[in-house]
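>
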Amino acid sequence: MRFQIDYLTLVLMYLLAVVSIFVIASATRSIAPPHDPLYFVKRQVLWIAVGTVVLVVTTAINYETFKKLSPYIYWGAILLLLVVLVHGHTALGAQRWIQLGPFQLQPSELAKIAIIVTLATHLDKKKSLTHWRDLISPLVHVGLPMLLILKQPDLGTTLVFVAITVGMFYMAGVPWTKMLIFPAGLGLMVLWIYLHYRFGIKIPIMHNYQLNRLLIFLNPNKDPLGAGFNVIQSRIAVGTGGLFGAGLTGAPANLLGFLPESYTDFIYAAIGEVMGFVGSVAILLVYLILIARAVYIAYQAKDRFGTLLASGVASLIAFHVIESAGMATGIMPVAGVPLPFMSYGGSAFLADSAGIGILLNVYGRRRTASYRPAVAKVPVVYSNQLPEPETLGGQLPS
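Residue numbers (the numbering used here): 160 to 557.
What follows is the structure in C-alpha cells.
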C-alpha cells in the first residue's frame, strides 16, 4: 500500500511555525540590531527550512531502521552530552551549547529524540515489564543521559525526560502499581525540598538558584527584582493582552523589553500580549489537536515499536506545552522549557521537526504489508471433514 501522508499533523505544525514568526518579530523588536530589525525572524525562518529537511529525512527512512541504528543514536547522544560538559559554551549560568561557527547546538534538545527512539527499541525488546527487575535496564537507559543533562545544569530538559519515560512506560504496558514509582519520586522530591528549607538538608543534585526558580512562582513578590522578575513581567504581559491582544506593534512589554526571554522560554506570554486571551486559547487548542493526533497515531501503529515512538513524541509535546504555558502564566515552576515550533531556537525546532517526522513515519506505514501479527500454526485441512480434536492437541479449529 502506498505511503500515506498525515496532512493534518503537517498543517498544525506549520501553522504554529508561521504564527511564531510574527510573535518573534514583535518580541524581538527591542533587542534586534538597529541595522537589521528582522534579524531573529530571518534566523527562525532559516531554522524552519532546515527543520523541514530534517522532517523529510525522518519521514522517508522506514522507522524500523531506527532499531538497527539505536545503539549509534544512543551513544552518539551520550558523546555530545559529554562534549558539551568539557568544551561547551556557557550562558546564563549553564553550560549547554556547542559552538558551531555562527550557530550554537544544544545537544540536550537532540537527546530528547534520541531517547525516544532508543527507549522505544529497548522496551520493544522486553518480553515482560511486570516485575521490578524488568524496569531496571530501561531506567538506567534513561538515567545516564538525564544525569549528564542535570550536570549542565538543565532541570527543565531533565523533567522532559521523566515525562517521556512515563508516557512510554504506560504505552508499553507497565502495570500501574509499578508506575507509582514516578509520583512517589515526585513526592520524595517535594519532601526533600521541604526538609532543605526547614532544616537545611542539602540537595546535591540541585543548585540554590534552581530551587528558587522552582518555588518562586508560588510567591514571585518575595523576590520581585530577582528570581520572581520574569514571572511578574510574564503575568503583566499576559494581562495586558486582554481579550483580543495588543497587536504586533502595540505590545508594551515586548516593545520596551520589560519581559526577558520573551521570544524563547516565555514566548507564550508574548503570545498572550500580542494575541490576547482568544489567541492564546486558540494556540492551546491547536496543540491539543496535535497531541490528540499523536496519540491516535500511536494507537494506529502497525506494531509495538511504532506505538512507543509515537507515544514518546506525544509525551514530549504535551509536557512542553503544559510547562511552557503554565510557566508563562505563573501556575507552573520556571524550568526553562521552550514552546514547540514557536520558541526561537534552532536545536529545539530541529528536534521537534524530527518528532513530527517520526509521527508521519509511523502513520504512513501503519497499513503496510511488511508486518504480520504472530498467529498459531495449524495444520492445513484439504478435505471437507474437520480433524479429530486430538489432532490439534484437543482444540477444535476456530
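Backbone N, C-alpha and C fix where the C-beta goes; we use that ideal spot for every residue, glycine too.
Within the stretch 436-465, note down every full alpha helix (DSSP H) run reaching 4 residues or more, in order along the chain.
The stretch 436-465 contains no whole alpha helix (DSSP H) run of 4 or more residues.
> Does the Cβ of tryptophan 234 have 16 or more other Cβ atoms within 10 Å, making it buried, or fewer, making it exposed?
Tryptophan 234 is exposed by the Cβ-count criterion.
> Compare the Cα-Cα distances from isoleucine 375 to each of Leu509, Ile450, Ile183 and Val493 and report the closest residue.
It is Val493 whose Cα lies nearest to the Cα of isoleucine 375.
> I want to know whether the stretch 466-478 touches the stretch 437-456 - three or more CB-CB distances under 8 Å.
As far as the Cβ criterion goes, the stretch 466-478 touches the stretch 437-456, which means the pair count is three or higher.
> Below 8 Å CB to CB, which residues in the same chain sit around tyrosine 541 once its five sequence neighbours on both sides are set aside?
Caution is warranted here: a pLDDT of 34 is assigned to tyrosine 541, below 50, making its placement in the model unreliable, and no coordinate value can be reported.
> Measure the alpha-carbon distance for arginine 463 versus alanine 457 and round it to whole angstroms.
Computed Cα separation, rounded: 9 Å.
> Take glycine 302 as the anchor and find which of Gly505, Ala219, Lys284 and Thr324 has the nearest alpha-carbon.
Of the candidates Gly505, Ala219, Lys284 and Thr324, the one whose C-alpha sits nearest the C-alpha of glycine 302 is Thr324.
> Determine the closest residue to isoleucine 275 out of Val243, Val213, Ser287 and Gly326, with distance taken between C-alpha atoms.
Comparing Cα positions, the closest option is Gly326.
> Taking the alpha-carbon of histidine 281 as reference, which of Leu259, Asn378, Ile257 and Leu228 has the nearest alpha-carbon?
Of Leu259, Asn378, Ile257 and Leu228, the residue nearest in Cα terms is Leu228.
> Is it true that the stretch 496-512 meets the stretch 265-273, where meeting means three or more beta-carbon pairs spaced less than 8 Å apart?
As far as the Cβ criterion goes, the stretch 496-512 touches the stretch 265-273, which means the pair count is three or higher.
> Mapping the DSSP letters down to three states, classify arginine 188 as helix, strand or coil.
Residue state, collapsed to three classes: coil.
> Enumerate, from N- to C-terminal direction, the unbroken beta strand (DSSP E) stretches of 3 or more residues contained entirely within the stretch 246-313.
The stretch 246-313 contains these whole beta strand (DSSP E) runs: 248-250, 253-259 and 262-264.
> Quick one: give me the first and last residue of the alpha helix (DSSP H) that asparagine 501 is part of.
The question names asparagine, but residue 501 in the sequence shown is methionine. Methionine 501 -> no alpha helix (DSSP H), and no H or E assigned at all.
> Alpha carbon to alpha carbon, what distance is there between isoleucine 430 and phenylalanine 436?
One C-alpha to the other measures close to 9 Å.
> Determine the contact status of glutamate 432 and valine 397, defining contact as a CB-CB distance below 8 Å.
The answer is yes: Cβ separation under 8 Å.
> Under three-state DSSP, which class holds glutamine 392?
Three-state result, glutamine 392: helix.
> In whole angstroms, what is the alpha-carbon distance linking tyrosine 173 and valine 212?
Whole-angstrom Cα-Cα distance: 13 Å.
> Excluding five sequence neighbours on each side, which residues of the same chain lie with their C-beta closer than 6 Å to the C-beta of glutamine 225?
Residue identity check: residue 225 is phenylalanine in the sequence provided, not glutamine. If we look at phenylalanine 225 and ignore the five residues flanking it on each side, its Cβ neighbours are Val276.
> What three-state label does DSSP hand leucine 174 in the structure shown?
If DSSP states are grouped into helix, strand and coil, leucine 174 belongs with the helices.
> Between the C-alpha atoms of leucine 307 and tryptophan 256, what's the straight-line distance to the nearest angstrom?
Straight-line Cα distance between these residues: approximately 13 Å.
> Taking the C-alpha atoms as reference points, what is the distance between leucine 197 and alanine 191?
Roughly 7 Å between the two C-alpha positions.
> Figure out for me which residue from Arg524, Val521 and Ser512 has the closest Cα to the Cα of valine 170.
Per the Cα distances, Ser512.
> Can the beta-carbon of valine 319 be found closer than 8 Å to that of phenylalanine 478?
Yes, these two residues count as a Cβ contact at 8 Å.
> Check whether the Cβ atoms of leucine 518 and threonine 168 lie closer than 8 Å to each other.
Yes, the pair counts as a contact, with Cβ atoms nearer than the cut-off.
> When DSSP labels each residue in this structure, what does aspartate 511 get in the three-state scheme?
Helix, per DSSP.
> In whole angstroms, what separates the C-alpha of tyrosine 353 from that of glycine 359?
One C-alpha to the other measures close to 9 Å.
> State buried or exposed for glycine 516, treating a residue as buried only when at least 16 other CB atoms are found within 10 Å of its CB.
Classification for glycine 516: buried.
> In angstroms with no decimal places, state the Cα-to-Cα distance between threonine 187 and serine 421.
Rounded to the nearest angstrom, the two C-alpha atoms are 8 Å apart.
> Nearest-angstrom Cα distance between alanine 441 and arginine 357?
When rounded, the distance between both Cα atoms is 42 Å.
> Verify whether the separation of the beta carbon atoms of valine 333 and leucine 294 is less than 8 Å.
Closer than 8 Å, so yes.
> Name the residue from Trp351, His246 and Arg372 whose alpha carbon lies nearest to the alpha carbon of proline 363.
Considering only alpha carbons, the answer is Trp351.
> Span of the alpha helix (DSSP H) holding proline 342?
Its alpha helix (DSSP H) spans residues 340-358.
> Going by C-alpha distance, which of Ala460, Ile272 and Val209 is nearest glycine 523?
The residue with the shortest Cα to Cα distance from glycine 523 is Ala460.
> By how many angstroms is the C-alpha of isoleucine 180 removed from the C-alpha of lysine 201?
Roughly 9 Å between the two C-alpha positions.
> Classify histidine 194 as helix, strand or coil using the three-state DSSP reduction.
It is coil, neither helix nor strand.
> Pick out whichever of Val216, Phe500, Phe417 and Val243 has its Cα sitting closest to the Cα of leucine 309.
It is Val243 whose Cα lies nearest to the Cα of leucine 309.
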